[in-house]
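In what follows, a structure is listed as structure tokens, so that the remarks can point back to it.
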Amino acid sequence: MEDYFYNKIFIRVESVVCMCTKHFTKMDVHPQELYYGITKIPTHISVARCISLNILHNYYGMSYKTLSDRSNMTDKSVMKCVAKAREYIHTDKLYQDIYNLAISKLYGKSK
Numbered sequence: 458m459e460d461y462f463y464n465k466i467f468i469r470v471e472s473v474v475c476m477c478t479k480h481f482t483k484m485d486v487h488p489q490e491l492y493y494g495i496t497k498i499p500t501h502i503s504v505a506r507c508i509s510l511n512i513l514h515n516y517y518g519m520s521y522k523t524l525s526d527r528s529n530m531t532d533k534s535v536m537k538c539v540a541k542a543r544e545y546i547h548t549d550k551l552y553q554d555i556y557n558l559a560i561s562k563l564y565g566k567s568k
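What follows is the structure in structure tokens.
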């Protein structure tokens, strides 16, 4: 039963973040594409991936292990991605805009 709820949360967060990323970058991002590729990932997909993982970890308290299982990434890669988003949300305008729009769509508030 827990997997069912986790799956619903993953789908909701990933779709909202992809929609917000498309709004700002004008490039299509689909939730199915978020976890494909290991190197030379396009920027818009990298941004959406990092922000999705950040929200799932920080707002829903999902462990790095749960996130790595879902994304087919190693625990260390997920940690780096979450840390990258955490830092860039405060320093990079694109990350900040996408993150704020995603949070407002998910929770009706901006952070």
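Every position in the sequence shown, counted from 1, becomes a number in the working numbering once 457 is added.
All residues carry an ideal CB built from backbone N, CA and C; glycine is no exception.
Span separating the alpha-carbon of N529 from that of G565: Near 30 Å, if we compare the C-alpha coordinates of G565 and N529.
Helix, strand or coil at M530 [DSSP, three-state]: In the structure shown, M530 sits in coil (DSSP, three-state: anything other than H, G, I, E or B).
Sufficient close CB pairs (3 or more, under 8 Å) joining the stretch 475–493 to the stretch 553–564: With a cut-off of 8 Å, the stretch 553–564 and the stretch 475–493 count as touching, because enough Cβ pairs lie within range.
Member of H480, Y463, L563, C538 whose CA lies at the smallest distance from the CA of K510: Residue 510 is actually Leu in this sequence, not Lys. Out of H480, Y463, L563, C538, C538 has the C-alpha closest to the C-alpha of L510.
N511 Cβ short of 7 Å to the ligand COA heavy atom set: No copy of the ligand COA occurs in the structure displayed, which carries no ligand at all.
Rounded separation between S472 and A540 - CA only: Spanning the two alpha carbons is a distance of roughly 21 Å.
Inter-stretch contact at 8 Å, needing at least 3 Cβ pairs: the stretch 500–507 / the stretch 484–492: Output reads yes: the stretch 484–492 touches the stretch 500–507.
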